[in-house]
Amino acid sequence: MTDLSKSYDVLVAGGGNAALCAAVTARQLGASVLLVEHAPRAFRGGNSRHTRNLRAMHTAPTEVLTEAYEEEEYWDDLKRVTAGNTDEALARMTIRASAGVFGFMKSAGVQFQPSLTGTLNLSRTNAFFLGGGKALVNAYYLTAERLGVEILYDSEVVALHLRDGAVTGADITHKGFPAQVTARCVVAASGGFQANLDWMRQYWGDAVDNFVIRGTPFNRGRLLRNLLDQKVAAVGDPTQCHAVALDARAPKFDGGITTRLDSVPFSIVVNRDGERFYDEGEDVWPKRYAIWGRLIAQQPGQIAYSVCDAKSVPLFMPSVYPAVVAATLAELAGKLGLEPAKLEATVARYNDAVQPGSFDNTRLDGSHTDGLTPPKTNWARRIDTPPFTGYPLRPGITFTYLGVRVNERARVLMEDGRPAANLFASGEIMAGNILGRGYLAGFGMTIGTVFGRIAGEEAARHARN
Numbered sequence: 003m004t005d006l007s008k009s010y011d012v013l014v015a016g017g018g019n020a021a022l023c024a025a026v027t028a029r030q031l032g033a034s035v036l037l038v039e040h041a042p043r044a045f046r047g048g049n050s051r052h053t054r055n056l057r058a059m060h061t062a063p064t065e066v067l068t069e070a071y072e073e074e075e076y077w078d079d080l081k082r083v084t085a086g087n088t089d090e091a092l093a094r095m096t097i098r099a100s101a102g103v104f105g106f107m108k109s110a111g112v113q114f115q116p117s118l119t120g121t122l123n124l125s126r127t128n129a130f131f132l133g134g135g136k137a138l139v140n141a142y143y144l145t146a147e148r149l150g151v152e153i154l155y156d157s158e159v160v161a162l163h164l165r166d167g168a169v170t171g172a173d174i175t176h177k178g179f180p181a182q183v184t185a186r187c188v189v190a191a192s193g194g195f196q197a198n199l200d201w202m203r204q205y206w207g208d209a210v211d212n213f214v215i216r217g218t219p220f221n222r223g224r225l226l227r228n229l230l231d232q233k234v235a236a237v238g239d240p241t242q243c244h245a246v247a248l249d250a251r252a253p254k255f256d257g258g259i260t261t262r263l264d265s266v267p268f269s270i271v272v273n274r275d276g277e278r279f280y281d282e283g284e285d286v287w288p289k290r291y292a293i294w295g296r297l298i299a300q301q302p303g304q305i306a307y308s309v310c311d312a313k314s315v316p317l318f319m320p321s322v323y324p325a326v327v328a329a330t331l332a333e334l335a336g337k338l339g340l341e342p343a344k345l346e347a348t349v350a351r352y353n354d355a356v357q358p359g360s361f362d363n364t365r366l367d368g369s370h371t372d373g374l375t376p377p378k379t380n381w382a383r384r385i386d387t388p389p390f391t392g393y394p395l396r397p398g399i400t401f402t403y404l405g406v407r408v409n410e411r412a413r414v415l416m417e418d419g420r421p422a423a424n425l426f427a428s429g430e431i432m433a434g435n436i437l438g439r440g441y442l443a444g445f446g447m448t449i450g451t452v453f454g455r456i457a458g459e460e461a462a463r464h465a466r467n
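Read in order, the letters of the sequence shown correspond to residues 3 to 467 in the numbering used here.
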């Protein structure tokens, strides 16, 4: 049984990928480590248990990645999706460090599947975990337990006592009861605040009632709020988040990756008025899927509908919920709750604007519309082959980007610019340093892994000294 009366070298707040990388690294370096996970054991791992892959730089083919994905291309991809809202020094450091994570991960029991091929364009950029995120989380927990990391489930670090930039103690709850912990260093890795709907409502108003929280319901931002209230420097726009298009029939919390819909590039997307509102073919899906949640959040009623025909259905992963299928567009509109004449008119305008082209779902093919607002710049084909298929879409929030500012050694910074004496951060609670907006598939796991290892190493070193 864990003895909370003793002092630990390192206290890790959180239980997902970033927290586990920090805990395992610190323990490997000889530090005594206590990891405090808000969720019960069966739901441990935060959002990480819903993940599938990690984006990694490499200069040549590897066991699990094809060709090469070098720093400048990686950086260009990130710069484009964030529109430059990123700390270039921290971003480039993360990109370079991603090339070296595989040895650590494999030593901790993480296994990878062969490179992915097909329509997702990820075989060159993203390494997929064998068994998905839950297998990764389980491997890290087994390694942590074997190394002697002490773990508390059903527990939460609710407050840190900061005095002149130094943590002097921590308040936690353990299975509903209050307790105190002392540690020489703390790693904050407790995620964002997306499951705290009252906090989200401050920025989005009542629209949050139509949001789906696709990740863990345990990321409520309690520790983040506590730190920001104690003059820890904030980073990131509180309205920015990783938000994808989810099936509107998904559960309010914890539906995970299976509720995501990948039909958008090969369809048109209309709002509840039957109008298109954004270019569905702007870029390959791994670079654009995380903008669609925010786009839908800005539509009336926070609802949209993906509409395609029989030609496109084989091109994307099947949905976890049955597709809405009909013999005619008017019938499909009725089933989706849209005005039939309006949907038929929108599709007719789109079809008339589609230009002849050589359709290729594996690349940016230039098949486009002409004279249509908004345009469709790739994968534009007429929607004219029954049966017609539709999906209702809601904004699916994964994690928020408001967080704590850190330096390159994962040390948390105070509002006056000073580094905190013994407080480090990793994962979603600090991802806003690099992700000011937008998202790249697998990059959240990259940030968590890289900064988790740095935070664990720095905390262990500081505790020893």
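All residues carry an ideal CB built from backbone N, CA and C; glycine is no exception.
**OP:** Report yes or no: do the stretch 321–339 and the stretch 406–416 share at least 3 C-beta pairs separated by less than 8 angstroms?
**Re:** no
Subject >> Terminal residues of the beta strand (DSSP E) in which F426 lies >> reply: The residue you call residue 426 lines up with position 424 of the sequence shown. F426 -> beta strand (DSSP E) spans P421 to A427.
Original post:
Any chance the stretch 432–451 sits against the stretch 226–244, with 3 or more Cβ pairs inside 8 angstroms?
Top reply: yes
Subject >> Y307 - partner residues in DSSP beta bridges >> reply: Looking up residue 307 in the sequence shown gives position 305. Beta-bridge pairing links Y307 to V272 and P394.
Original post:
Cβ of R54 within 7 angstroms of Cβ of G134?
Top reply: Against the sequence shown, residue 54 aligns to sequence position 52. Against the sequence shown, residue 134 aligns to sequence position 132. Yes, Cβ-Cβ distance for R54 and G134 is below 7 angstroms.
**OP:** With Q182 as the anchor, note down where its beta strand (DSSP E) starts and where it stops.
**Re:** By 1-based counting over the sequence shown, the position of residue 182 is 180. That run of the beta strand (DSSP E) goes F179 to A190.
**OP:** Measure from the alpha carbon of Y142 to the alpha carbon of each residue in D11, S308, G111 and I298, then state which is nearest.
**Re:** As a position in the sequence shown, residue 142 is number 140, starting the count at 1. The candidate whose alpha carbon is nearest that of Y142 is G111.
Subject >> Helix, strand or coil at H163 [DSSP, three-state] >> reply: Indexing the sequence shown from 1 puts residue 163 at position 161. In this structure, H163 counts as strand in the three-state DSSP scheme.
**OP:** In the DSSP assignment, find the unbroken beta strand (DSSP E) run with V139 in it and report its ends.
**Re:** Position 137 of the sequence shown, counted from the start, is the residue given in the question as residue 139. No beta strand (DSSP E) holds V139; the alpha helix (DSSP H) holding it covers G134 to L149.
Subject >> Neighbour-count burial assignment, G18, 16 or more Cβ in a 10 Å radius >> reply: Your numbering for residue 18 matches position 16 in the sequence shown. Classification of G18: buried, given that the 10 Å Cβ count is 16 or more.
Subject >> Chain-order list of residues whose beta-carbon lies under 7 angstroms from that of A306 (same chain, five-residue window excluded) >> reply: Within the sequence shown, the letter at position 304 stands for residue 306. Same-chain partners within the cutoff: V271, V272, N273, I298 and L395.
Original post:
What three-state label does DSSP hand Y291 in the structure shown?
Top reply: Here the question's residue 291 lines up with position 289 in the sequence shown. Correct three-state label for Y291: helix.
**OP:** Could you spell out the range, first to last residue, of the alpha helix (DSSP H) harbouring A62?
**Re:** The sequence position of residue 62 within the sequence shown is 60, counting from 1. Element bounds for A62: n/a, residue is neither H nor E.
Original post:
If you draw a straight line from the alpha carbon of R278 to that of T391, how long is it in whole angstroms?
Top reply: On the sequence shown, residue 278 is found 276 positions in, with the first residue counted as 1. On the sequence shown, residue 391 is found 389 positions in, with the first residue counted as 1. Using only the alpha carbons, I get a separation of about 16 angstroms.
**OP:** Evaluate the contact criterion for the stretch 143–153 versus the stretch 65–82: three or more CB pairs, one atom per stretch, below 8 angstroms.
**Re:** no
**OP:** Use the C-beta contact count for P471: other C-beta atoms within 10 angstroms, 16 or more gives buried, fewer gives exposed.
**Re:** Here the chain covers residues 3 to 467 and nothing more, so residue 471 does not appear.
**OP:** Please classify T61: is it buried, with 16 or more other beta-carbons within 10 angstroms of its beta-carbon, or exposed?
**Re:** Here residue 61 corresponds to residue number 59 of the sequence shown, with the count starting at 1. Label assigned to T61: exposed.
Subject >> Cβ-based neighbour list, G283, same chain, cut-off 7 angstroms, excluding 5 preceding and 5 following >> reply: For the purposes of this step, residue 283 is taken as residue 281 along the sequence shown, with counting starting at 1. Only P267, K378, T379, N380, W381 and A382 meet the Cβ criterion.
Subject >> Own chain partners of Y323 with C-beta closer than 6 angstroms, once the 5 adjacent residues on each side are dropped >> reply: Here residue 323 is taken as the residue at index 321 of the sequence shown, counted from 1. Closer than 6 angstroms at the Cβ level, and outside the excluded window around Y323, lie D249 and R251.
Subject >> Spatially closest choice to A209 from R296, E74 and K136, by CA coordinates >> reply: Residue numbering aside, residue 209 sits at position 207 when the sequence shown is read from its first letter. Closest option to A209, Cα to Cα, is R296.
Original post:
Grouping DSSP H, G and I as helix and E and B as strand, with all else coil, what is E459?
Top reply: Locating residue 459 in the sequence shown gives position 457, where the first residue counts as 1. Residue state, collapsed to three classes: helix.
**OP:** For A25, collect the residues of the same chain with a Cβ closer than 7 angstroms to its Cβ; drop the 5 residues on either side in sequence, then sort them by chain order.
**Re:** Numbered from its first residue, the sequence shown carries residue 25 at position 23. V14, V35, L37, A146, V151 and G458, listed in sequence order.
Subject >> Cβ shell of E430 (< 6 angstroms), same chain only, five flanking positions each side left out >> reply: Working through the sequence shown from its first residue, we reach residue 430 at position 428. So the qualifying residues of the chain are G193, G194 and F401.
Subject >> Contact under 7 angstroms by Cβ, P288 with A101 >> reply: Mapped onto the sequence shown, residue 288 falls at position 286. Mapped onto the sequence shown, residue 101 falls at position 99. It is not a contact, given that the beta carbons lie outside the stated cut-off.
**OP:** Go ahead and label M107 buried or exposed: buried means 16 or more other beta carbons lie within 10 angstroms of its beta carbon, across all protein chains shown.
**Re:** Within the sequence shown, residue 107 is the residue found at index 105, counting from 1. Under this definition M107 is a buried residue.
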